[in-house]
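Student: Dumping the structure here so I can ask a few things about it.
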Amino acid sequence: MAIREAVSADGTTIVYRVTGPEGARPLVLLHGWSGNLLCWGRAADLLAEQFRVIAVDLRGHGYSDAPETGYDDPKNWAADIAAVLAAEEIAAGALLLGWSYGGIVASDYLTAHGTAALAGVVYTGSQANIGRGVPGAETGPGMGKAIPDVFDESAGKAMRGFAAFGNANTGPGRDKGPDAQRLFGVSIATLPRVRKALFYRTVDNTDTLRGLDIPVLVLHGTADPVVPIENGRHIAASAPDVRTSYWEGAQHGLFIEDPERFAAEITAFATDLRR
32 MAIREAVSAD
42 GTTIVYRVTG
52 PEGARPLVLL
62 HGWSGNLLCW
72 GRAADLLAEQ
82 FRVIAVDLRG
92 HGYSDAPETG
102 YDDPKNWAAD
112 IAAVLAAEEI
122 AAGALLLGWS
132 YGGIVASDYL
142 TAHGTAALAG
152 VVYTGSQANI
162 GRGVPGAETG
172 PGMGKAIPDV
182 FDESAGKAMR
192 GFAAFGNANT
202 GPGRDKGPDA
212 QRLFGVSIAT
222 LPRVRKALFY
232 RTVDNTDTLR
242 GLDIPVLVLH
252 GTADPVVPIE
262 NGRHIAASAP
272 DVRTSYWEGA
282 QHGLFIEDPE
292 RFAAEITAFA
302 TDLRR
């Protein structure tokens with residue numbers, strides 16, 4: 032395992048972790064809003080058996096820099112991913128995976144830089160767009176209950192806001208207390224101003240999805256209360272070459288609900304990639 036960093040176009044330092052075989056296909060993991068590279072838990076370890084896993088701390092999250100401004104500019108998010116790929120000398124064959132807000136960041140990268148460095152894209156519990164009235168950018172009831180408290184600088188209000196997510200990120204079933212607490216901890220550690228800033232932008236990447244020349248995999252829980260499944264279906268309806276896996280009754284964090292299935296479906300998708 033190696034912790035590394037890359038410098039984005041605007042000077043922001045982006046921190047990421049690399050695990051898995053050096054010569055394996057690169058798999059870039061982009062976490063969701065108010066998360067960090069630790070979010071992936073056991074799923075990252077399983078994926079590292081097959082891939083060179085590059086788990087990124089998005090700008091403003093984890094150990095990456097948190098600039099005061101610039102979160103509303105899709106070119107900044109795109110440049111962050113481009114910087115990581117360049118630092119790892121990845122020019123082709125990578126798999127880009129976005130969870131939740133990470134899907135927006137992945138789409139920002141595709142819009143700005145195209146698919147030359149990629150062989151495929153995975154959206155999990157995710158969306159490609161953001162903003163009021165933008166197609167495929169609906170907000171789920173779980174997110175609605177959490178806002179505006181999750182933006183507050185008061186620890187008490189912020190904690191109540193995140194508590195509104197309940198089991199959304201871990202799903203029902205056997206106890207996932209340690210996973211839930213890890214996700215809660217990284218969320219509350221993200222600066223309040225960053226949590227808020229991420230929602231103040233409007234981006235429609237639908238035309239980019241329609242023009243993709245690489246396969247897309249959409250993984251989405253049918254009971255996702257944070258990012259409604261309609262957002263995943265919008266991606267699936269827009270991309271020319273798409274595979275879908277809709278998990279019946281699953282919620283927002285599929286990689287925690289069933290890490291073995293999650294890793295298996297991504298591995299199967301990668302096996303069929305042409306590049």
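All residue numbers for the sequence shown refer to the working numbering, where the first residue is 32 and numbers rise by one. Backbone N, C-alpha and C define an ideal beta-carbon position, used for all residues, glycine too.
Using the three-state DSSP reduction, which class does H144 fall into: helix, strand or coil?
Tutor: The answer is helix: DSSP assigns H144 an H, G or I state.
Student: Please tell me whether I34 and V59 are closer than 8 angstroms, where the distance is taken between their beta carbons.
Tutor: Not a contact, by the Cβ cut-off of 8 angstroms.
Student: Using 8 angstroms for Cβ pairs, my map puts I297 next to V153. What's the rounded Cβ distance?
Tutor: Right, their Cβ atoms sit about 6 angstroms apart.
Student: Report the option in T50, G91, G63 whose CA atom is closest to the CA atom of A75.
Tutor: Of the listed residues, the one whose Cα sits closest to A75 is T50.
Student: Leaving out five residues before and five after E53 in sequence, what residues of the same chain have Cβ atoms less than 8 angstroms from its Cβ?
Tutor: Once the five neighbours on either side are set aside, the close Cβ partners of E53 are R83.
Student: Identify which residue in V217, D235, Q212 has its Cα closest to the Cα of A103.
Tutor: Note that residue 103 corresponds to Asp in the displayed sequence, not to Ala. Minimum Cα distance to D103 is reached at D235.
Student: By Cβ distance below 6 angstroms, which residues in the same chain neighbour S269 in space, the five residues on each side in sequence not counted?
Tutor: Once the five neighbours on either side are set aside, the close Cβ partners of S269 are T237, L240, R241.
Student: Please report the distance separating the alpha-carbon of A189 from that of P256.
Tutor: Cα-Cα distance, rounded: 19 angstroms.
Student: Which stretch, first to last residue, makes up the beta strand (DSSP E) that contains T275?
Tutor: Note, T275: beta strand (DSSP E), 273–278.
Student: So does the segment 141–160 actually touch the segment 246–256, counting three or more Cβ pairs closer than 8 angstroms?
Tutor: Flag = yes, the segment 141–160 and the segment 246–256 touch.
Student: Taking a contact to mean a Cβ-Cβ separation below 8 angstroms, would you say L222 touches G93 in this structure?
Tutor: No, the Cβ-Cβ distance between L222 and G93 is not below 8 angstroms.
Student: At a cut of 8 angstroms, does the segment 177–184 reach the segment 222–232 through at least three beta carbon pairs?
Tutor: A contact exists between the segment 177–184 and the segment 222–232.
Student: With burial defined as no fewer than 16 other Cβ atoms inside 10 Å of the residue's Cβ, what is the status of M174: buried or exposed?
Tutor: Counting Cβ neighbours within 10 Å, M174 comes out buried, since at least 16 surround it.
Student: Along the beta strand (DSSP E) that carries H251, what are the first and last residues, could you check?
Tutor: Where H251 is concerned, the enclosing beta strand (DSSP E) stretches over 247–252.
Student: Using the three-state DSSP reduction, which class does V225 fall into: helix, strand or coil?
Tutor: The answer is helix: DSSP assigns V225 an H, G or I state.
Student: Could you give the distance in angstroms between the alpha-carbon of G312 and the alpha-carbon of L285?
Tutor: For residue 312 there is no data in the structure shown, the boundaries of the chain being 32 and 306.
Student: Exposed or buried, which one is T43 when buried takes at least 16 other CB atoms within 10 Å?
Tutor: T43 comes out buried.
Student: Using the Cα positions of A110 and T142, report the straight-line distance between them to the nearest angstrom.
Tutor: Approximately 11 angstroms, taken between the alpha carbons.
Student: In three-state terms, what does DSSP make of Y47?
Tutor: Y47: strand per DSSP, three-state reduction.
Student: Looking only at its own chain, which residues have a Cβ that is under 6 angstroms from the Cβ of A55, when we skip the five neighbours before and after it?
Tutor: Excluding sequence neighbours, A55 sits near F82, R83.
Student: Taking all protein chains shown into account, decide if A40 is buried (16 or more other Cβ within 10 angstroms of its Cβ) or exposed.
Tutor: By the 10 Å Cβ count, A40 comes out exposed.
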